[in-house]
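Report on the structure given below.
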Amino acid sequence: MQVLGKIKTEIIPNPKSKIQNRLGVGIGFREQFRADLFLHQNEIDFLEITADHYLDANQKKLEELKLLKQHFPLIPHSLELSLGSAEGIDESYLEKIAGLVEFVEPEWFSDHICFTKSGGVKIGHLAPVPFTSEAVKVFVRNIAKVKEQIKTPLILENITYMMRFPSSEMPEAEFISRVLEETDCGLLLDVTNLYINSRNHNFDWRDFLDGLPPERIVQLHFVGLHKHQNLLIDAHANKTQSEIWEVFREVCQRCDVKGAVLERDEKFPPFAEILEEVKTARELLEKTNFAETAGV
Amino acid sequence: MEILLDNPLGTMYGPYFLIFYGFVIFFTLVFLGITKSRADKTDRLSLPPIPPTIDPYEIAYLRGGTNELARSVVFSLMQKGFLQIEDEGSKKYLKRVKDKTDTARLNLIEQISLDWIKTRQEIERIFQPNGLVDQLKQFGQAFEIRLEQQQMLVSDEMKARISRLKRLAFGIIFGLGAYKIFVAVLLGNFNFIGIIVFGIVGLVFAQAISGLPRLTKLGKRYLERLQLAFDSLKYEAQKPYIPTNQPQVVPQTTFAGVDPLLLSVGVFGGGILAGTVFDNYHQTFQKAQQQAAAAGGSSCGSSCGSCSSSDGGSSCSSGSSCSSCGGGCGGCS
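Chains as they are written, first to last, in my numbering: chain A, 1 to 296; chain B, 297 to 629.
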């Protein structure tokens, strides 16, 4: 299978007009879930795959990708586009992502509002950028490059951070809004990250939501948080807590969310527990569906 | 009569004829191989999706025919506590567990199997005439029809076509060699050992090349895809059954409507039970099937599953060894 991209030059229009299909509730694909997924196909609406696992992949992973594609709508979620890097985008990585997106044919694909490379070196985690106009320009420049290659809509995810840059010129919500507006991208709102940041940095997550353009929120991530002394950590290892569900519910009331993904990476519970969380999310999504409540 | 002897082939110098005969055999075998490979066009078909409700017995049948079906059913009955293996000298028996009588939750295939076993049966008998394998043929036929419709199994039409080609290849190899020997004898020349050797080697290769696997290319790919999909289940399903000193929770026997260990046995074969509390089952059945084959039963000589008796049932031509069916060689046709 060819997972190398072809160059595309078409610029993506506003994601609001591009992303129409509601995918429902899915999970982040992990190998440990594979057998369970096929036995519970009807209970999972779609899968989010970590794009990086399928770049330069061996035959077994490529077969896995074909297998997943045949049974579920897939959304690639990449880790290393490093859209916040002032040095620009790694073109060979971008080309591989383009190839994967072309093969998977997703409704959208996603990466993070962060940088993961500096001076050509991978730093190994999602690092926050200062909330400045200069950083917005970096995102605009890098995302324009991505859009030159990939026709499929790109959505951007908010991350957690341990400290704020003193040089930040604006609140995070304003920064994200400006990036979204100026790049014409959608938002992958990680409600767990939002809640964790709000607690670790003492702000009200509702105010944060007030500052975001609701029409740009396309997808949600959710999972339980981990408490370490006075700090909250996004460990992807816990069952979703009630406070996270509260944020989830609120976002669904405000926005026309197209999909939500449970992100579990560690301490895998019995699959029945995963399905229970997916079911809860689906109920919330359906009950509080923005389109219905807004009478659209 | 004169034309029979006085023609370019009849008068061809012996060593030259051997070279010519070798070429004829070689090209006949190449033609046979290519035609057989092209006869199965199912690699062009797209793989069917894995259904959300999956039948471990049907997968076991796909993997190894009625023999594998019987093995899976017996395993299921053992796992559910209805049967146990009993040693008596050199013989092994399947014995019905006395106080386990709640058969209402068993499906028809399991009930028929349990009825056949009655209170006790020698394990070897499963694969012999009128054994459990014969009792389950009706279920096997139903699976066979469905799988043939999906083009997972080699069809009778394809078997007949390859069989005709095989006869043609045999005719060419045998006929040409026999003719030359006939001429040599008439001319008083008895130095034809080379022709006999070439002919025998050619016929052996023709037999091997013309053998068809049970599964089509599509069936083989589908089975591989199932094995990929349920790869992690294999290890997870084993865990509760691996002997340990730690207290264990009795595993639930249903999972999305199907027992995970039974599904694993269906998809991967009894080999995955090695090292679990059912290790005895795997070893016993492998041995029993070999003994049954030696006694003229219907098995293909190992745990590979079914072979048609018309092919002698002695070899797997699919390229993989018959004795390694834990991974699913697909049996013989």
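For glycine and all other residues, C-beta sits at the position ideal for the given N, C-alpha and C.
If you draw a straight line from the Cα of residue 127 of chain A to the Cα of residue 229 of chain A, it is about 22 Å long. For residue 486 of chain B, the CB contacts under 8 Å within the same chain, skipping 5 residues up- and downstream, are 480 in chain order. A residue is called buried once 16 or more other Cβ atoms fall within 10 Å of its Cβ, and residue 193 of chain A is buried on that count. Secondary structure at residue 509 of chain B: strand, using DSSP grouped into helix, strand and coil. Using a 10 angstroms sphere on the CB of residue 81 of chain A, the tally of other CB atoms reaches 16 or more, which defines it as buried. The Cβ neighbour count for residue 426 of chain B, taken over all protein chains shown within 10 Å, is under 16; the residue is labelled exposed. Residues of chain B whose Cβ lies closer than 8 Å to the Cβ of residue 62 of chain A do not exist; the shortest such Cβ separation is about 11 Å. Spatial neighbours of residue 179 of chain A in its own chain (CB-CB distance under 6 Å, excluding positions within 5 residues in sequence) are listed in chain order as 136 and 139.
Residues of chain B whose Cβ lies closer than 8 Å to the Cβ of residue 71 of chain A are, in chain order, 345 and 346.
Unbroken beta strand (DSSP E) runs of no fewer than 3 residues, entirely contained in the segment 386-468 of chain B, are found at 387-392 and 416-418, following chain order. Chain order gives the chain A residues near residue 526 of chain B as 34, 35, 38 and 39, where near means a beta carbon separation below 9 Å.
If you ignore the 5 residues before and after residue 173 of chain A, its C-beta comes within less than 6 Å of the C-beta of 208, 211 and 212, all in its own chain and listed in chain order. Check the Cα spacing between residue 88 of chain A and each of A:263, A:108 and A:144: the tightest is with A:144. The Cβ atoms of residue 223 of chain A and residue 263 of chain A lie closer than 8 Å to each other. Cβ contact annotation for residue 522 of chain B (same chain, cutoff 7 Å, sequence separation greater than five): 346, 355 and 563, in chain order.
The alpha-carbon separation between residue 250 of chain A and residue 539 of chain B amounts to approximately 49 Å.
Counted as a single uninterrupted DSSP element, the alpha helix (DSSP H) harbouring residue 36 of chain A occupies residues 34-39.
DSSP lists A:227 as the bridge partner or partners of residue 232 of chain A. Exclusion of the five residues before and after residue 86 of chain A leaves 138 as the residues of its chain whose Cβ lies within less than 7 Å of its Cβ. By the criterion of a C-beta distance shorter than 7 Å, residue 417 of chain B is surrounded in its chain by 389 and 390, once the five residues flanking it on both sides are discounted.
Contact between residue 114 of chain A and residue 129 of chain A holds, with the beta-carbon distance rounding to 7 Å and staying under 8 Å.
Inclusion of residue 510 of chain B and residue 561 of chain B in the CB contact set at 8 Å is not warranted, their separation being larger than that value. For residue 358 of chain B, not one C-beta of chain A is nearer than 8 Å to its own C-beta. The three-state reading of DSSP puts residue 339 of chain B in helix, counting H, G and I together.
For the C-beta of residue 529 of chain B, the chain A residues within less than 7 Å are, from N- to C-terminus, 35. Contact check between the segment 459-472 of chain B and the segment 423-442 of chain B: fewer than three CB pairs, one atom from each, fall below 8 Å, which does not count as touching. It is roughly 39 Å from the alpha-carbon of residue 117 of chain A to the alpha-carbon of residue 283 of chain A.
For the C-beta of residue 521 of chain B, the chain A residues within less than 7 Å are, from N- to C-terminus, 67. The three-state secondary structure of residue 79 of chain A, taken from DSSP, is coil. With at least 16 other beta carbons inside 10 angstroms of its own, residue 234 of chain A counts as buried. With a contact defined as Cβ atoms closer than 8 Å, residue 348 of chain B and residue 41 of chain A qualify at about 4 Å. Taking 8 Å as the CB threshold, residue 42 of chain A lines the interface with chain B. In the three-state DSSP reduction, residue 515 of chain B falls in the helix class (H, G or I).
Boundaries of the beta strand (DSSP E) harbouring residue 219 of chain A: 217-222, taken from the DSSP string.
Annotated three-state conformation of residue 90 of chain A is coil, per DSSP. Chain B places a beta carbon closer than 8 Å to that of residue 31 of chain A, counting this residue as a contact.
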